[in-house]
Every structure is written in structure tokens, then in C-alpha cells.
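Right, one structure below, let's go through it.
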Amino acid sequence: PHNILLDENFIPKVSDFGLAKLYSVDDSIISLIAARGTLGYIAPELFYRNIGGISYKVDIYSFGMLLMEMVGRRKNLNAFDDHSSQIYFPSWIYDRFEQRENIELGDVTEVDDKIARKMIMVAFWCIQMNPTNRPSMSKVLEMLENELDQLELPSRPSLFSLEKSIEDHVSKNVSEEPSTSKSCVDI
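Numbering-wise (full-length UniProt numbering), the sequence shown opens with residue 1 and increments by one.
Written as C-alpha cells, this is what we have:
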């Protein structure tokens with residue numbers, strides 16, 4: 001995403017921490033009149049109010065997508081992929097993970113493979129559709145420090161739910177009078 005910069009040695013540096021830094025610790029849930037972010041990293045609740053309120057969990061979602069991309073070495077959405085099953089990377093990797101198939105990490109040791117699988121498992125938790133199902137950042141850290149066998153596989157990450165919600169939202173708004181909602185997304 002746009003907030004990851006490279007230093008002179010091509011070491012990635014995070015240049016900001018999303019919404020979490022804009023509000024005080026006392027504001028656990030906020031309302032927005034506009035949303036900003038990089039497509040593919042934006043949490044679903046920024047688009048759909050029925051999913052949940054805007055909280056620090058939107059940054060957890062973005063972190064999960066980034067974590068998955070780092071391990072898988074590809075973007076989470078690849079509309080130009082030859083195989084439609086690979087268009088939404090989290091679903092594709094979940095299928096492989098669930099079937100205990102090789103996730104094509106390249107030439108890695110067994111230890112590296114175990115670390116990568118743990119990172120993917122944590123990423124799955126971070127990108128849950130419902131923000132209440134996403135862990136806090138301290139829990140993410142705890143999960144990364146634990147052994148892989150201590151982690152449970154969460155429910156499948158679903159782009160279908162988002163697509164269905166978009167279709168429902170569009171068809172509902174087309175059939176109704178124009179909305180006066182202040183929601184918008186800058187990408």
C-alpha cells in the first residue's frame with residue numbers, strides 16, 4: 001500500500017498507522033463522513049454500516065492483508081489472474097491452507113514454512129468480515145509469538161459477501177430515490 005516506504009537499503013518502513021492515530025484512546029468507535037484508503041486494504045465496515053462501527057479494527061484488517069501479501073508475495077486482489085479462483089488471494093490461500101497443500105512459498109526450510117503458515121493463520125483472523133471477530137493488535141502479537149498448533153483456523157475470508165453486499169446496495173439505491181448519505185470513499 002501507499003503508506004509503506006522503502007529506505008536506501010530497500011527495507012520496508014510503515015509511514016503511518018491509519019485511522020488509529022487520528023483519534024484519542026477514549027474514542028473506541030467513531031463515525032465517518034468520508035473514508036480513505038488503498039483498495040484491497042480497506043476494511044468492509046468503511047463501506048457497509050451494517051457490518052459494524054469504525055474502530056481501530058479497520059487497521060487490524062489492513063495489517064492482515066499486508067501480512068498475507070508479505071507471506072504470499074503477491075497482491076490480495078489480482079483481477080488479471082488467469083485462474084478465477086486466484087483473483088481474491090485470501091480465498092485462494094485459505095483453500096490451500098485448509099487442505100494442507102503447499103502455499104508456493106518458494107525454496108524455504110521447514111521452520112520458515114511453519115512461520116509462514118502461522119503468519120497466514122494470523123492474517124486470516126485479522127481479515128474477518130465482522131470487526132468483532134478480529135483480534136486486537138496485542139492479541140495479534142501474542143498469536144505471532146505462539147506456536148502454530150496453538151492457533152485455530154478462523155472462518156473463511158469472503159469476498160463473496162462483499163460482492164453480494166455491493167450488488168444489494170446498488171440495486172437498492174437504484175430502485176429508491178437518490179440517497180443523501182454523506183458516505184464516500186477516496187481511493
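Virtual Cβ for every residue (Gly too), placed ideally from N, Cα, C.
As the structure is a prediction and not an experimental result, all values here were calculated from the model.
A Cβ-Cβ distance of about 17 Å is found for the pair Y94 and F63, leaving them out of contact under the 8 Å criterion. In the structure shown, S138 falls within a helical segment according to DSSP collapsed to helix, strand and coil.
The shortest CA-to-CA distance from K114 to any of L66, D149, V140 is the one to D149. A Cβ-Cβ separation of about 25 Å leaves V58 out of contact with A116 under the 8 Å criterion.
By the neighbour-count criterion, in which 16 or more other beta carbons inside 10 Å mark a residue as buried, S155 falls on the exposed side. Shown here, Y61 sits in a helix according to DSSP, grouped into three states. A direct Cα-to-Cα measurement between Y61 and F47 gives close to 13 Å. Annotation: the continuous alpha helix (DSSP H) that includes P90 extends over 89-98.
Only residues of its own chain outside the window of five on either side were considered, and among them Y61, G64, M65, M68, P90, R134, P157 have a CB closer than 8 Å to the CB of I127, listed in chain order. Straight-line spacing of the CA atoms in M121 and N130 works out to 17 Å. In terms of Cβ geometry, Y41 and S136 do not form a close pair [threshold 9 Å]. The residue from E8, T132, M143 with its alpha-carbon nearest to that of A43 is T132.
For the 9 Å CB-CB criterion, L144 and M119 form a contact. In terms of Cβ geometry, L153 and E110 do not form a close pair [threshold 9 Å]. Straight across, the Cα-Cα distance linking N9 with N50 is about 44 Å.
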